[in-house]
Amino acid sequence: ALMDLGRVRAGDAGESFCMTVLALRLSRAANGVSALHGEVSREMWREFYGTTEPDKVPIGHVTNGVHLVGWMKGTVRRFWREKYQRLNPAASDLDWIADANSRDFWTRVTNPDVLSDEEIWSLRYRLRRELIEFARRRLMLQVNALGRRDFITFDGFLNPDALTIGFARRFATYKRAPLIFDQFENVVKLVKDTGRPIQFIFAGKAHPRDDSGKAFIQKVIHLSRFSELVGHLVFIENYDIHVCRMMASGCDIWLNNPRRPLEASGTSGMKTTPHGCMNLSIMDGWWREGYDGTNGFAIGEDSHSPDVNEQDRADSENLYSALTEQVIPMFFNRDSSGIPRQWIARIRRSMATLASEYSTWRMVQEYTTKYYKGH
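In our numbering, the protein residues as written are 164 to 538.
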């Protein structure tokens, strides 16, 4: 009887015990952690609920969120707090923390009458510069840890004026960390373009038993040390909260290219929005519902192929197209003052529509309303 609690087909001794089935049987309610994850889950568990129609499977969704203020870099936390206090002189720190989770706050502070393009661009340059200086220091520490005795300087690595693309998360294979390098020759041309330079900063860890994930890390490190990408691609070791916060604040673009629909939600890209770093992502997980066409960039369409190899090929091509046709031109389209007005308008839109919507504040309220209240 106990084993049957973990089986879709009770009494089938040939069926393995499944912890997910056990959880579904013993829970009052179940949900996915994004709209697409809810759809995939309803399709997966039709047999368990005794129906052939996914719409009749009682699994909903509550999209994940992040602790907004907690993930803000100190520079940015002070920046927004000062803006808030100008608008609300009598407010306390507790008021600021509460209001920072509201959509009204982000609508107000991103208004051009409150926050100028020049202020946003100055903040973005400062954050990018701080990240690059941090990355150079970490690269020196990494080399010293290897016992290298020859003098190596990293002052020439990374360009504070370059479009900086970040990838930092678990190196699970479905997240396809090296996907952009499937277009290696094209990427080399992009980083060598002195008029519109781009660069990449990677960080992350693989599970100790995930050999494929570790191979992805090895590939990125190899390219960063022994290819034409030296100085334009770096890998920061010992990924932790501090590294994530530095990258989420300092990068201009947050790259996310999982193999759809395997990303249940994803949260790393949610941490970037208060810093003015925008997402470039596959339409999977939270981005599938967060993206509205004006608040970041999408890779491909809202669909995927059942053929894994075909999907990888198409996603690689679509990623390169998004970079060359949308991201890079917009970032380097400057006015006479040297400011990318269209880019900054998109940053404003990203902050106004995503920051509060993908916070733990909203998430907990939604869980309370949908699943806890009245049960």
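Positions of the beta carbon are idealized from the N, C-alpha and C atoms, including for glycine. Predicted model, so just to flag it, every value in this text is computed and none were measured.
Please classify residue i: does DSSP put it in a helix, a strand, or coil?
{"i": "residue 321", "result": "coil"}
{"i": "residue 412", "result": "helix"}
{"i": "residue 211", "result": "coil"}
{"i": "residue 419", "result": "strand"}
{"i": "residue 393", "result": "strand"}
{"i": "residue 179", "result": "coil"}
{"i": "residue 490", "result": "helix"}
{"i": "residue 384", "result": "helix"}
{"i": "residue 522", "result": "strand"}
{"i": "residue 171", "result": "coil"}
{"i": "residue 341", "result": "helix"}
{"i": "residue 536", "result": "coil"}
{"i": "residue 479", "result": "helix"}
{"i": "residue 335", "result": "coil"}
{"i": "residue 438", "result": "helix"}
{"i": "residue 303", "result": "helix"}
{"i": "residue 287", "result": "helix"}
{"i": "residue 107", "result": "In this structure the chain extends from 164 to 538, so residue 107 is not present and cannot be described."}
{"i": "residue 359", "result": "coil"}
Considering only residues of the same chain and omitting the five flanking positions on each side of residue i, which have a CB-CB separation below 7 Å?
{"i": "residue 428", "result": "196, 197, 200, 226, 227, 448, 449"}
{"i": "residue 280", "result": "502, 504, 507"}
{"i": "residue 286", "result": "242, 439"}
{"i": "residue 463", "result": "445, 446, 477, 478, 481"}
{"i": "residue 297", "result": "409"}
CA-CA distance, residue i and residue j?
{"i": "residue 290", "j": "residue 425", "result": "32 Å"}
{"i": "residue 254", "j": "residue 411", "result": "28 Å"}
{"i": "residue 518", "j": "residue 238", "result": "17 Å"}
{"i": "residue 344", "j": "residue 351", "result": "9 Å"}
{"i": "residue 232", "j": "residue 166", "result": "44 Å"}
{"i": "residue 168", "j": "residue 354", "result": "55 Å"}
{"i": "residue 373", "j": "residue 499", "result": "50 Å"}
{"i": "residue 299", "j": "residue 316", "result": "9 Å"}
{"i": "residue 309", "j": "residue 433", "result": "34 Å"}
{"i": "residue 394", "j": "residue 388", "result": "8 Å"}
{"i": "residue 187", "j": "residue 531", "result": "19 Å"}
{"i": "residue 480", "j": "residue 346", "result": "8 Å"}
{"i": "residue 390", "j": "residue 319", "result": "16 Å"}
{"i": "residue 441", "j": "residue 494", "result": "11 Å"}
{"i": "residue 235", "j": "residue 229", "result": "11 Å"}
{"i": "residue 453", "j": "residue 378", "result": "31 Å"}
{"i": "residue 474", "j": "residue 257", "result": "47 Å"}
{"i": "residue 404", "j": "residue 527", "result": "22 Å"}
{"i": "residue 250", "j": "residue 262", "result": "12 Å"}
{"i": "residue 402", "j": "residue 176", "result": "43 Å"}
{"i": "residue 271", "j": "residue 437", "result": "14 Å"}
{"i": "residue 259", "j": "residue 485", "result": "37 Å"}
{"i": "residue 382", "j": "residue 348", "result": "16 Å"}
{"i": "residue 245", "j": "residue 467", "result": "44 Å"}
{"i": "residue 472", "j": "residue 376", "result": "18 Å"}
Excluding the 5 residues preceding and the 5 following residue i in the sequence, name in chain order all residues of the same chain whose CB lies nearer than 8 Å to its CB.
{"i": "residue 217", "result": "202, 205, 206, 209"}
{"i": "residue 421", "result": "337, 338, 339, 429, 445, 447, 448"}
{"i": "residue 171", "result": "178, 181, 184, 210, 211"}
{"i": "residue 509", "result": "441, 457, 458, 459, 493"}
{"i": "residue 491", "result": "326, 353, 359, 361"}
Check each candidate in the options and name the one with the smallest Cα separation from residue i.
{"i": "residue 340", "options": "363, 348, 294, 485", "result": "363"}
{"i": "residue 306", "options": "404, 397, 328, 166", "result": "397"}
{"i": "residue 460", "options": "251, 390, 415, 249", "result": "415"}
{"i": "residue 213", "options": "356, 492, 465, 173", "result": "173"}
{"i": "residue 534", "options": "177, 182, 224", "result": "224"}
{"i": "residue 329", "options": "405, 271, 234, 435", "result": "435"}
{"i": "residue 303", "options": "399, 382, 417", "result": "399"}
{"i": "residue 192", "options": "175, 487, 221", "result": "221"}
{"i": "residue 497", "options": "516, 349, 274, 324", "result": "324"}
{"i": "residue 384", "options": "268, 334, 272", "result": "334"}
{"i": "residue 455", "options": "267, 515, 386, 370", "result": "515"}
{"i": "residue 483", "options": "190, 342, 189, 194", "result": "342"}
Could you check if residue i belongs to the surroundings of the ligand NAP, using beta carbon to heavy atom distance under 7 Å?
{"i": "residue 216", "result": "In terms of ligand content, the structure shown is empty, and the ligand NAP therefore cannot be addressed."}
Starting from the C-beta of residue i, find all residues in its chain whose C-beta is less than 6 Å away, skip the five residues before and the five after it, and write them out in chain order.
{"i": "residue 294", "result": "409, 413"}
{"i": "residue 327", "result": "291, 362, 414, 415"}
{"i": "residue 512", "result": "457, 458"}
{"i": "residue 524", "result": "264"}
{"i": "residue 331", "result": "366, 367, 407, 410"}
{"i": "residue 489", "result": "460"}
{"i": "residue 266", "result": "519"}
{"i": "residue 423", "result": "445, 447, 467"}
{"i": "residue 417", "result": "329, 432, 435, 440, 442"}
DSSP has residue i in a bridge; who is on the other side?
{"i": "residue 527", "result": "Bridge partners of residue 527: none, in fact."}
{"i": "residue 444", "result": "419, 461"}
{"i": "residue 365", "result": "330, 398"}
{"i": "residue 222", "result": "193"}
{"i": "residue 277", "result": "Per DSSP, none; premise fails for residue 277."}
{"i": "residue 229", "result": "522"}
Spell out whether any CB of chain C is found under 8 Å from the CB atom of residue i.
{"i": "residue 478", "result": "Given the protein chain composition of this structure (a single chain), no chain C is represented."}
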